[in-house]
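In what follows, a structure is listed as structure tokens, so that the remarks can point back to it.
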Amino acid sequence: MQLLLFLVFLIVYLMSLTGNLLIISTVCSDSHLHSPMFFFLINLSFLEICYVTVTVPKLLAVLIAQNKTISFMQCMIQMYLFLACTDAEIYLLTAMAYDRYVAICKPLHYTIIMNKKVCIILVLVSWTIGFLDPAPHVTLISQASFCSSNEINHFFCDMTALMTLSCSGTSVIEHINYIEGPLLCFTPLILTIISYVYIISAILKIQSAKGRQKAFSTCSSHLTVVLLFYGTTIGVYLRPKPAYSMDLNKLVSVVYITAVPLLNPLIYSLRNKELKETLRKTTRRTISIPKLI
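Numbering (UniProt numbering), first residue to last: 1 to 293.
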């Protein structure tokens, strides 16, 4: 069974890396894709690579190794990096929603509003908040006492799994989660929802069906990714205690750390016409190289 799981996770990991690296290389190599939307997309793809690289390689090692252990320091680093990637993605998806709002609702001012400087600032803010926010959580958990057991009931060093092992009390961390959760998770979500209310309203005002379809196609991939990301995030970290189940948490986390990074490049490549066409050209060019040689 463990060998089967190893093969499944290995295949998913390699597919995630390949898909996201392909998007990054395609966007970087084609000047026609050097726009704010694709600038955010390559940052999202890099973030997805970080997700799977932080968690899956260690999971693969545990599945085939006799000694299924992780050092305390490695565990804290893994938890910190995972939380940092999660927070960074929340804000990056919000920035992408704003980009789509400007593109649909203010098309004539798009290049002025979403200039290079603004795009870089939005990305830097997303990464900065992402890597600063988990610090208090990781610091508090690293100072907790684990006297009953040191066996983590999870696939990786997840914060909720470590909190259940602590015998020194986790009320402070729980309070931080419930105070900070609405601010750092729901505020960006609300901003994203507001952006899409304006976007959908603007799309419905377009007279032609073809125009509406074209406008919606530019943001449908992002909307799908947002729903997938927030659905799994809320399912893992913001459920009330009575509804909490570690088995359910592990199941949702597997989707969170493997399926989401795998599906994101598929969603964007299938739904975005420009990217799909460029990927097709790149694939044809790659296949034709051996013939030329």
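Using N, Cα and C, we set each Cβ at its ideal position, and we do this for glycine too. In this text, all values refer to a predicted model and were calculated from it rather than measured experimentally.
Mind reading off the beta-carbon distance from residue i to residue j? Whole number of angstroms is fine, and I expect it under 8 Å.
i    : j    : result
L60  : L10  : 6 Å
F82  : V54  : 5 Å
L44  : N264 : 7 Å
A144 : S166 : 4 Å
D87  : I129 : 6 Å
I49  : L184 : With 8 Å as the limit, I49 and L184 do not qualify as a contact, their Cβ atoms being about 23 Å apart.
Y101 : S195 : 4 Å
H137 : I77  : Rounded, the Cβ-Cβ distance is 13 Å, inconsistent with contact.
P36  : C119 : 5 Å
K203 : F216 : The amino acid at residue 203 is misidentified as Lys; the sequence shows Ile. Right, their Cβ atoms sit about 6 Å apart.
I85  : C157 : The identity of residue 85 in the sequence shown is Cys, whereas the question assumes Ile. Actually they do not touch by this definition, with Cβ atoms about 13 Å apart.
A95  : L122 : 4 Å
Helix, strand or coil, according to DSSP, for residue i in the structure here?
i    : result
I90  : helix
E151 : coil
A61  : helix
A209 : helix
H222 : helix
N20  : helix
H34  : coil
N177 : helix
I11  : helix
Q74  : helix
A144 : coil
K214 : helix
N115 : coil
F156 : coil
A243 : Its pLDDT being 49, under 50, A243 is placed unreliably by the model, and nothing is read from it.
D133 : coil
S126 : helix
N272 : coil
I293 : Only weak support exists for where I293 lies, its pLDDT of 43 falling under 50; the coordinates are left without a value.
S168 : coil
List the endpoints of the continuous alpha helix (DSSP H) containing residue i.
i    : result
M1   : That residue, M1, is in no alpha helix (DSSP H); it is neither H nor E in DSSP.
M159 : M159 to L165
K106 : It is not in any alpha helix (DSSP H) - K106 carries neither H nor E in the DSSP assignment.
A202 : T187 to L204
K68  : Looking at the DSSP string, K68 is not in any alpha helix (DSSP H), and its letter there is neither H nor E.
For residue i and residue j, I'd like the C-alpha separation in whole angstroms.
i           : j    : result
P261        : S149 : 32 Å
F38         : D99  : 10 Å
Y256        : Q2   : 20 Å
M79         : Y110 : 38 Å
E277        : L21  : 17 Å
residue 306 : L223 : Outside the displayed span of the chain (1 to 293) sits residue 306, for which this structure offers no information.
C147        : I141 : 13 Å
I112        : E151 : 54 Å
I173        : T139 : 10 Å
T164        : G19  : 35 Å
V52         : S208 : 42 Å
P57         : I24  : 21 Å
L266        : M15  : 10 Å
E274        : L33  : 8 Å
M114        : A161 : 41 Å
V226        : L108 : 26 Å
T26         : S168 : 50 Å
I64         : I193 : 43 Å
R212        : D30  : 27 Å
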